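Student: Structure below; questions to follow.
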Amino acid sequence: MPDSTPAASAPGPQPVPSASRPVTGPPEADSSWSVRKALRSPRRLTTEVLAGLITALALIPESIAFSIVAQVPVAMGLFTSAILAISIAFLGGRPAMASGAAGSVALVSAPLVVSQGEKGLDYLVVAVLLMAILQVLMGVLGITRLMRFIPRSVMVGFVNALAILIALSQLEHVLHVPWAVYPLVVLGILVVVFLPKLTTVVPGPLVAVVLLTVISVFAGLTVPTVGGDGGLPDSLPTLFLPDVPLNLETLRIVFPVALAMALVGMMESLMTAKLVDDLTDTHSNKRREAWGLGLSNLVVGAFGGMGGCAMIAQTVVNVKEGGARTRISTFFSGVFILVLCLSLGEILGMIPMAALVAVLGVAAFRTFDWHSVRPSTLSRMPVSETAVMVLTVVVTVVTENLAYGVIAGVLVASVLFVGRVAHLTRLERVDSSDADDERVYRVTGELLFASSNDLATQFDYAGDAEAVRRVVIDLTEAHVWDASTVAALDAIETKYARHGVDVEIRGLNEDSAARHGRLSGELG
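This is the structure:
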């Protein structure tokens, strides 16, 4: 089984898949386990529960950090991860995938929280509920199939922009702060980076958070802490009714944010599902994953959560380090988050912000696809592909909205692709016709609006009328894709008819002939 996926499938520089490197984990960690089968196997069940614990320990630091990114109480992020993990364990389509309060969704939602002031959390919950409904509709209507139309260059731009935004969101926590913050950040980065080289039994981010908390407490350092922002959990989450007017003005405020959150969350979840597919050599139901994510976020919103999606780094921890293969691990990751948060709430408040800056800083660095900006890569990559990637990053960073960047990248990539296809279309005169009164033109390439609109101007109507009485247009090496091409062929026939020349169109393949036969003469 491969132990990674190409960079197009997951954010960050990923190692090349190799069938020779097995996935780490228990010897029995294959892809054939179902929940029912796992419940009947004590060894497999133990593996799943322990994987859930490891994943929970990996989720807690980043859930806290992404709460800060979204500018919401820490409890909101922690409970989001717990509720989402528990819910999607029953509703999701990809076994062993870890979900929680993700940075991509937090980045999109943060401006809404800030702009609405004291009512920011209420408006955010409304946006989460609307996001959930949109994701359910996307899944039910099969819109997830449109993901295949997102080019690799846009995907790379998406993850690079995500990394940059995560890094930029931490600047406020390292500017104008006590001097002790800086050595703590450096130490935290060193732990997160180098501990996995020694052992993977305990997640590096968790060790960094614990170590920096112990140092800051026992050394009596006066540094910003998580507890300073308040909102730490002290009880189980309860149903939450947002205090906002239910009118069109509220819809106008939250809909753009909800749509962006839905698209970004869906994209990251499907990318992560593809990653797990590659890691386990299995196939997942992306359509079910879409509406399952929506229903899970609906539960999250009902309890006042900030919304989330699948998380790539934690999923890798669950699948590779923990050896998980079923939804049991996902379920227990949520349960363990609740247990740990409620039992260690006071300790969580002591965590220095420097620890979260270190965790997110390394996460941002690892998320960025450094291979995409190497000189050797840029020299081989077509300029248009690089331009699309850069445009996606620039639009995302400027607007601070990942959805805008993806949309801009897809639109520009589509235009550039159509332009390349149009330039490959050729018209040439063939002089080998046996008939003296017949002239043959051969068209090669893809015929669509961009390439066929000027096709009618390339024929010598007057000259052909003086020389022959019949013109053959050979489309054996061409394909008719749209009504614009059919209209262009009709125009050619009309122009020749005015000069008393008959036109025969031959060589149409089955699809082109069906389209031409259905539309020819009906377009005005």
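Throughout the sequence shown, residue numbering follows our numbering, covering 51 to 574 in sequence. All C-beta atoms in this analysis are idealised placements derived from N, C-alpha and C, irrespective of residue type, glycine included. From a predicted model like this one, the values you see are computed outputs, not experimental measurements.
Given a threshold of 16 other Cβ atoms within 10 Å of its Cβ, counted over all protein chains shown, does F199 qualify as buried or as exposed?
Tutor: Answer is exposed; the Cβ neighbour count stays below 16.
Student: Between G351 and F129, is the Cβ-Cβ spacing less than 8 Å?
Tutor: No. Outside cutoff.
Student: Count the other C-beta atoms from every protein chain shown that fall within 10 angstroms of the C-beta of E572, then say buried if there are 16 or more, exposed otherwise.
Tutor: The residue is exposed, with fewer than 16 neighbouring Cβ atoms inside 10 Å.
Student: Under DSSP, the beta strand (DSSP E) around H529 begins and ends at which residues?
Tutor: It spans 520-530 - the beta strand (DSSP E) in which H529 sits, taken as one unbroken run.
Student: Would you please state the rounded distance, in angstroms, between the beta carbons of V493 and D514? I believe it to be under 8 Å.
Tutor: Not confirmed; about 15 Å, so no contact.
Student: List the endpoints of the continuous beta strand (DSSP E) containing V481.
Tutor: In the sequence as presented, Val is not what sits at residue 481; that position holds Asp. From DSSP, D481 is part of no beta strand (DSSP E); its letter is neither H nor E.
Student: Out of V433, S319, I303, which has the shortest C-alpha to C-alpha gap to S346?
Tutor: Considering only alpha carbons, the answer is S319.
Student: I'd like the list of long-range same chain contacts for A404, defined as Cβ closer than 7 Å, with 5 residues on each side in sequence excluded.
Tutor: Closer than 7 Å at the Cβ level, and outside the excluded window around A404, lie V231, L234, V235, G238, L262, V273.
Student: If you count every other CB in all the chains shown that lies within 10 Å of the CB of P255, and 16 or more means buried, which is it?
Tutor: Looking at its Cβ environment, which holds 16 or more other Cβ atoms inside 10 Å, P255 is buried.
Student: Hey, G442 and G207: beta-carbon distance below 8 Å or not?
Tutor: Note on identity: in this sequence residue 442 is Thr, with Gly being the wrong assignment. In this structure, G207 lies closer than 8 Å to T442 by Cβ.
Student: For a quick check, are the C-beta atoms of L329 and K370 less than 8 Å apart?
Tutor: In this structure, K370 lies closer than 8 Å to L329 by Cβ.
Student: Please report the distance separating the alpha-carbon of L184 from that of L309.
Tutor: Taking the straight line from one Cα to the other gives about 7 Å.
Student: Where does I200 fall in DSSP's three states?
Tutor: Correct three-state label for I200: coil.
Student: With G358 and G315 assumed to form a contact (beta carbons below 8 Å), what rounded beta-carbon distance in angstroms separates them?
Tutor: G358 to G315, Cβ: 7 Å. Contact.
Student: Rounding to the nearest angstrom, what Cα-Cα distance links T544 and A564 in this structure?
Tutor: Distance between the alpha carbons of T544 and A564: 21 Å.
Student: Sorted by chain position, which residues of the same chain lie with C-beta nearer than 6 Å to V190's C-beta, five sequence neighbours on each side aside?
Tutor: The answer, listed in chain order, is W341.
Student: Does DSSP classify V553 as helix, strand or coil?
Tutor: If DSSP states are grouped into helix, strand and coil, V553 belongs with the strands.
Student: Is DSSP giving A88 helix, strand or coil here?
Tutor: Helix at A88.
Student: Beta-carbon separation of L498 and S534 under 8 Å?
Tutor: Yes, these two residues count as a Cβ contact at 8 Å.
Student: Grab me the residues of E527's own chain with a C-beta within less than 6 Å of its C-beta, minus the 5 sequence neighbours each way, in chain order.
Tutor: Closer than 6 Å at Cβ, skipping near neighbours: T494.
Student: Please say whether A148 and M361 have beta carbons closer to each other than 8 Å?
Tutor: Cβ atoms of M361 and A148: closer than 8 Å.
Student: Is it true that the CB of P111 sits closer than 8 Å to the CB of S117?
Tutor: Contact: no.
Student: Tell me the rounded alpha-carbon separation between L452 and V445.
Tutor: Each residue's alpha carbon lies about 8 Å from the other.
Student: Identify, in the order they occur along the chain, each residue of the same chain with its Cβ nearer than 7 Å to the Cβ of V433, setting aside the five sequence neighbours on each side.
Tutor: None.
Student: Closest to S201 by C-alpha separation, out of P287, M317, L301, D486, would be which residue?
Tutor: Rather than Ser, the amino acid found at residue 201 in this sequence is Pro. It is M317 whose Cα lies nearest to the Cα of P201.
Student: Rank V407, A547, H566 by C-alpha distance to the C-alpha of R556 and give the top, closest one.
Tutor: The shortest Cα separation from R556 among V407, A547, H566 belongs to H566.
Student: Measuring only the C-alpha atoms, how far is A125 from L474?
Tutor: Rounded to the nearest angstrom, the two C-alpha atoms are 57 Å apart.
Student: If I'm right that V518 touches V553 with Cβ under 8 Å, what's the distance once you round it to whole angstroms?
Tutor: Between V553 and V518 the Cβ distance is about 11 Å, and since that is not below 8 Å, they are no contact.
Student: Taking the runs of the alpha helix (DSSP H) that are 4 residues or longer, which of them lie wholly in the segment 404-446?
Tutor: Counting whole runs of 4 or more residues, the segment 404-446 contains the alpha helix (DSSP H) stretches 425-430.
Student: How would you call H226, buried or exposed, if buried means at least 16 neighbouring beta carbons within 10 angstroms?
Tutor: When all chains shown are included, H226 counts as exposed.
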